[in-house]
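Visitor: Each residue of the sequence shown is one higher than the one before, counting from 4 in our numbering.
The beta carbon of each residue, even a glycine, is placed where N, CA and C say it ideally should be.
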Amino acid sequence: MIRLFAICLILRIGCVNAQQKALVNTDKSKYAKLSSIDMGNVTWTNGFWADRFKVCRDTMIPNLWRIYTDPKISHAYRNFEIAAGLDTGSHEGPPFHDGDFYKLFEAVASMYASTHDPKLDALMDKTIAVIAKAQRADGYIHTPTIIEERKSSGKEKAFNDRLNFETYNLGHLMTAACVHYRATGKTSMLKLAIKATDYLYNFYKTASPELARNAICPSHYMGVVEMYRTTHDSKYLELAKNLINIRGLMENGTDDNQDRIPFRQQTQAMGHAVRANYLFAGAADVYAETGDTTLIHTLNLMWNDVVNRKMYITGGCGALYDGVSPDGISYNPNDVQKVHQAYGRDYQLPNFTAHNETCANIGNVLWNWRMLQVTGDAKYADVMELALYNSVLSGISLSGRDFLYTNPLSYSDELPFSQRWSKDRVGYIKLSNCCPPNVVRTISEVSDYAYSVSDKGLWFNLYGGNTLSAKLKDGTPVKLTQTTNYPWDGKVSIRLDEVPENKAFSLFLRMPGWCKGASIKLAGQSVPQLNTTPGAYTEITAVWQKGMTIELNLPMPVTMMEANPLVEETRNQVAVKRGPVVYCLESADLVKGQKVFDIALSAQNELKPEMIMIDNSPIMSLTGKADVRDESKWENRLYQPVVSSQKNATNIRLVPYYAWGNRGHVDMETWIPLDR
Ligand SMILES: [Zn+2]
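1) In whole angstroms, give me the CA-to-CA distance for Leu-475 and Asp-458.
2) Roughly how many angstroms lie between the CA atoms of Ile-70 and Ile-432, to the nearest whole one?
3) Going by the CB atoms, is the gap between Leu-302 and Ala-279 shorter than 7 Å?
4) Could you check where the beta strand (DSSP E) with Gly-326 kicks off and where it finishes?
5) Answer with buried or exposed for Lys-341, where buried requires no fewer than 16 other C-beta atoms within 10 angstroms of its C-beta.
6) Could you tell me which residues DSSP puts in a beta bridge with Pro-612?
7) So Pro-503 and Thr-479 are in contact, right, with Cβ under 8 Å, and what is the actual spacing, rounded?
8) Which partner residues of Trp-47 appear in the DSSP bridge assignment?
9) Could you give the distance in angstroms between the alpha-carbon of Met-387 and the alpha-carbon of Gln-138?
10) Just checking, does the stretch 436 to 453 make contact with the stretch 92 to 104 on the three C-beta pairs under 8 Å criterion?
11) Can you give the beta carbon distance from Arg-581 to Ala-384, rounded, assuming they're within the 8 Å contact cut?
12) Using the C-alpha atoms, what's the distance from Leu-499 back to Tyr-540?
13) For Glu-501, which residues in the same chain have their Cβ closer than 7 Å to its Cβ, ignoring the five residues on either side in sequence?
14) Hey, would you say the C-beta of Cys-437 is under 6 Å away from at least one heavy atom of ligand 1?
15) Residues in its own chain within less than 7 Å of Ala-453 by CB, not counting five upstream and five downstream?
16) Does any heavy atom of ligand 1 sit closer than 6 Å to the C-beta of Glu-360?
17) For Val-227, report the span of its alpha helix (DSSP H) as first-last.
18) Taking the beta strand (DSSP E) that Gly-516 belongs to, which residues open and close that run?
19) Looking only at its own chain, which residues have a Cβ that is under 6 Å from the Cβ of Phe-511, when we skip the five neighbours before and after it?
20) Is the beta carbon of Cys-59 sitting closer than 7 Å to the one on Ile-446?
21) Classify Gln-340 as helix, strand or coil using the three-state DSSP reduction.
22) Name the one or two DSSP bridge partners that Lys-524 has.
23) Taking the alpha-carbon of Ser-191 as reference, which of Ile-150, Asn-505, Asp-128 has the nearest alpha-carbon?
24) Starting from Glu-95, trace the alpha helix (DSSP H) both ways and give me its first and last residue.
25) Answer with buried or exposed for Arg-423, where buried requires no fewer than 16 other C-beta atoms within 10 angstroms of its C-beta.
26) Can you check which of these residues, Glu-613, Ala-652, Asn-364, is closest to Lys-628 by C-alpha distance?
27) By the 10 Å Cβ neighbour count, where 16 or more other Cβ atoms means buried, how is Ile-675 classified, buried or exposed?
28) Let's test the definition: count the other Cβ atoms within 10 Å of the Cβ of Asp-30 and tell me whether it reaches 16, buried, or not, exposed.
29) When we look at the beta-carbon of Gly-321 and count the other beta-carbons within 10 Å, is it buried (16 or more) or exposed?
30) Could you give the first and the last residue of the continuous beta strand (DSSP E) run that contains Tyr-540?
31) Which term fits Phe-8, buried or exposed, when burial requires 16 or more other beta carbons within 10 angstroms of its beta carbon?
32) Just the C-alpha distance for Pro-583 and Ala-25, rounded to the nearest angstrom, thanks.
33) Per DSSP, which one or two residues make a beta bridge with Lys-482?
34) Strictly by DSSP, which residues pair up with Trp-462?
35) Buried or exposed for Ala-507, going by 16 or more other Cβ atoms inside 10 Å?
36) Excluding five sequence neighbours on each side, which residues of the same chain lie with their C-beta closer than 6 Å to the C-beta of Ser-415?
Right under this line is the structure:
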């Protein structure tokens, strides 16, 4: 015990205790209402997430690790070996390659937390030794710079270019190190991250104002705060606060880099969507520690703007490939800035050309998770769940081997232009492989989002077949078994396997925002007096008995959705949703000769769920009738008088949006014309 304390003192870290092994550790965060359970507390047993988790464990992680350590495909690991002096050559790949490798490392660490596979542990030990050798004595680590320094070429200097990705890479090092420490109890990676964070702290203390404003995609806000939560070193919190304060003090800031105006003066979500969502997630982390109301004020403005005017029905973020910003704010054409991969105007949500980078959609999850932890408000869990099931999972194939960078809501081979980034999933996204390790780490970590704890009890955020073995906030153990086929079915059965004796505590069951008429049975008895308002947590307080069951029924009828009429691209079209899952129509399900454009749905459609298998994964499809129209006579015309074309009934099948493109190259649409 004394020795353990001494080690903790030397490393300035809080020793891992039962409540501090969470992925995002808000256990001691004064302004967070909820804290997370420890990594490894949830074991997926059956159903949707058990299936995705198995593919993650058996295919996604091994496959991506093979790619990242094969210099013929990806130079990510080789760059570290060269920077460590273990190999010769030059840096290859994008400047954010280090960060991508850290994200993959984080996926391995979080997988280890669930599986305790010694092979993963050994793999991480070996990797950490190489990263340690690559790190400069002063803590700086960014392989493009370090490799050139080794060669004394003078080509690269630290923080030479404000649009370089050094801080992004450092941020992912910090996050990966915290996850590794919490998963393994080992401090080897954390020591490197402490050196790197100290370097960043000292850099910001002494850098010129111009240099200090260097920072692109801000993963480091989340990283620095997590380092504070791990080490309790107050200077890291000081650094995190400072990073927000200096942002936007640029004279030549841009919306593309989220630094045109100070964060606290922002009133709308603009510019690069990944960078925006990462910034928002980081600012929520700083709020959780400081309670700075000016931060939550801006975060609320951003959330309302994104959710009510700029987010796709899939939870996707970033409508534009390229655009200009501020759009309509300045009348001086010289002030108009180019942006890319960005939020568009209010209600500007095109379908074919939706950018929706997988990383932006993951950023939406990271942000909403933190907002949920801060507030306990179920509206954030709704958005998190929406993005997870739709625009995040769409970024990876069912096989776990192929990836999408962008997530359009429609695709057609008839479009006479090709867009950047493949619309078929590919094994390696050349130039920009940021999304694959990001989506893989996210799937590895979904179990960490399933539950939270507060002073009052246990919170159910995401449903799925699992067993939980965790501790309540006061340290008393709780174990339960959750049995469900969610999201394909709304029945959730919870059996309490171990509960504190003679002690009342609350279970908070999340009623999804889309769910009307939810009902709850306790020990087989209906409890109609329980309030099951959609979009809120239902609190049930009791002295719970071991073996007691709670049955939740969340009706999930097939629902035809329409968009606000100001979304001009979806006028007179419907999207089909069932529970949290958005559906789409693929040419793979049409009769030969039919096109997705030809299909029209009636608003009174009675589509029926039907389980099918796609690429070895069970998928709930929806089948029913639609009208097929003859839309093929357009030839090369742009306009024509309305033709009341002959309509014929046809059988159709819709598949979940996330599963599109898993049956070869297809045309696809999410918004389907209403029958007229
Ligand atoms: Zn990405």
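Guide: This is what the structure holds:
1) Walking along the sequence shown from the start, residue 475 turns up at place 472. Walking along the sequence shown from the start, residue 458 turns up at place 455. Cα to Cα, the separation comes out at about 8 Å.
2) In the sequence shown, counting from the first residue as 1, residue 70 sits at position 67. In the sequence shown, counting from the first residue as 1, residue 432 sits at position 429. Taken atom to atom, the span from the alpha-carbon of Ile-70 to that of Ile-432 is near 11 Å.
3) Translated into positions along the sequence shown, residue 279 becomes position 276. Translated into positions along the sequence shown, residue 302 becomes position 299. At a Cβ-Cβ threshold of 7 Å, Ala-279 and Leu-302 do not count as neighbours.
4) Numbered from 1 along the sequence shown, position 323 holds the residue referred to as residue 326. Run containing Gly-326: 323 to 328, per the beta strand (DSSP E) assignment.
5) Residue numbering aside, residue 341 sits at position 338 when the sequence shown is read from its first letter. Exposed, because fewer than 16 other Cβ atoms sit within 10 Å of the Cβ of Lys-341.
6) As a position in the sequence shown, residue 612 is number 609, starting the count at 1. Note: Pro-612 is bridge-paired with Leu-625 in the DSSP secondary-structure output.
7) For the purposes of this step, residue 503 is taken as residue 500 along the sequence shown, with counting starting at 1. For the purposes of this step, residue 479 is taken as residue 476 along the sequence shown, with counting starting at 1. At roughly 4 Å, the Cβ-Cβ gap stays under 8 Å, so Pro-503 and Thr-479 are in contact.
8) Locating residue 47 in the sequence shown gives position 44, counting from the first residue. Its beta-bridge partners are Asn-469.
9) In the sequence shown, counting from the first residue as 1, residue 387 sits at position 384. In the sequence shown, counting from the first residue as 1, residue 138 sits at position 135. Straight-line Cα distance between these residues: approximately 35 Å.
10) Taking a contact to require three or more Cβ pairs closer than 8 Å, the stretch 436 to 453 and the stretch 92 to 104 qualify as touching.
11) As a first step, residue 581 is located in the sequence shown; it is residue number 578 there, counting from the start. As a first step, residue 384 is located in the sequence shown; it is residue number 381 there, counting from the start. Contact flag wrong, Cβ pair sits at about 18 Å.
12) In the sequence shown, the residue the question calls residue 540 occupies position 537. In the sequence shown, the residue the question calls residue 499 occupies position 496. Cα to Cα, the separation comes out at about 19 Å.
13) In the sequence shown, residue 501 corresponds to position 498, counting from 1. Closer than 7 Å at the Cβ level, and outside the excluded window around Glu-501, lie Pro-480, Val-481, Lys-482, Lys-549.
14) By 1-based counting over the sequence shown, the position of residue 437 is 434. In terms of side-chain proximity, the C-beta atom of Cys-437 is found nearer than 6 Å to a non-hydrogen atom of ligand 1.
15) For the purposes of this step, residue 453 is taken as residue 450 along the sequence shown, with counting starting at 1. Answer for Ala-453: Val-45, Asn-464, Leu-465, Gly-467, Asn-469, listed in chain order.
16) Along the sequence shown, read from residue 1 onward, the residue named residue 360 stands at position 357. At least one heavy atom of ligand 1 is nearer than 6 Å to the Cβ of Glu-360, so yes.
17) One-based indexing of the sequence shown puts residue 227 at position 224. Start and end: 223 to 234.
18) On the sequence shown, residue 516 is found 513 positions in, with the first residue counted as 1. Careful: Gly-516 lies outside any beta strand (DSSP E) and carries neither H nor E.
19) As a first step, residue 511 must be located in the sequence shown, where it is residue number 508. Result list for Phe-511: Trp-462, Tyr-540, Glu-542, in chain order.
20) Within the sequence shown, residue 59 is the residue found at index 56, counting from 1. Within the sequence shown, residue 446 is the residue found at index 443, counting from 1. Their beta carbons are under 7 Å apart, which means Cys-59 touches Ile-446 by this criterion.
21) Locating residue 340 in the sequence shown gives position 337, where the first residue counts as 1. Note: Gln-340 maps to strand in three-state DSSP.
22) Here residue 524 corresponds to residue number 521 of the sequence shown, with the count starting at 1. Ser-529, Glu-554.
23) Position 188 of the sequence shown, counting from 1, holds the residue named residue 191. If we check each option's Cα against that of Ser-191, Asp-128 comes out closest.
24) Here residue 95 corresponds to residue number 92 of the sequence shown, with the count starting at 1. Boundaries cannot be given for Glu-95, as no alpha helix (DSSP H) includes it and DSSP labels it neither H nor E.
25) Indexing the sequence shown from 1 puts residue 423 at position 420. Of the residues assessed, Arg-423 falls on the exposed side of the cut-off, its CB having fewer than 16 other CB atoms within 10 angstroms.
26) As a first step, residue 628 is located in the sequence shown; it is residue number 625 there, counting from the start. Of the candidates Glu-613, Ala-652, Asn-364, the one whose C-alpha sits nearest the C-alpha of Lys-628 is Ala-652.
27) Residue 675 sits at position 672 when you count from the first residue of the sequence shown. By the 10 Å Cβ count, Ile-675 comes out buried.
28) Residue 30 sits at position 27 when you count from the first residue of the sequence shown. Counting C-beta atoms within 10 angstroms of its own C-beta, Asp-30 has 16 or more neighbours from the protein chains shown and is therefore classed as buried.
29) Position 318 of the sequence shown, counted from the start, is the residue given in the question as residue 321. The Cβ neighbour count for Gly-321, taken over all protein chains shown within 10 Å, is at least 16; the residue is labelled buried.
30) As a working mapping, residue 540 is identified with position 537 in the sequence shown. Taken as a continuous stretch (DSSP letters only), the beta strand (DSSP E) holding Tyr-540 covers 539 to 546.
31) On the sequence shown, position 5 is the one that residue 8 refers to. Note that Phe-8 has pLDDT 40, beneath the 50 cutoff, so the model's placement of it is unreliable and no number is given.
32) Along the sequence shown, one-based indexing puts residue 583 at 580. Along the sequence shown, one-based indexing puts residue 25 at 22. Spanning the two alpha carbons is a distance of roughly 26 Å.
33) To locate residue 482, count along the sequence shown from 1; it is residue 479. Partner(s): Ser-472, Glu-501.
34) Against the sequence shown, residue 462 aligns to sequence position 459. Answer is Ser-455, Phe-511, bridged to Trp-462.
35) In the sequence shown, the residue the question calls residue 507 occupies position 504. Classified as exposed, Ala-507 has fewer than 16 neighbouring CB atoms from the shown chains inside 10 Å of its CB.
36) Locating residue 415 in the sequence shown gives position 412, counting from the first residue. Cβ neighbours of Ser-415 beyond the five flanking positions: Asp-670.
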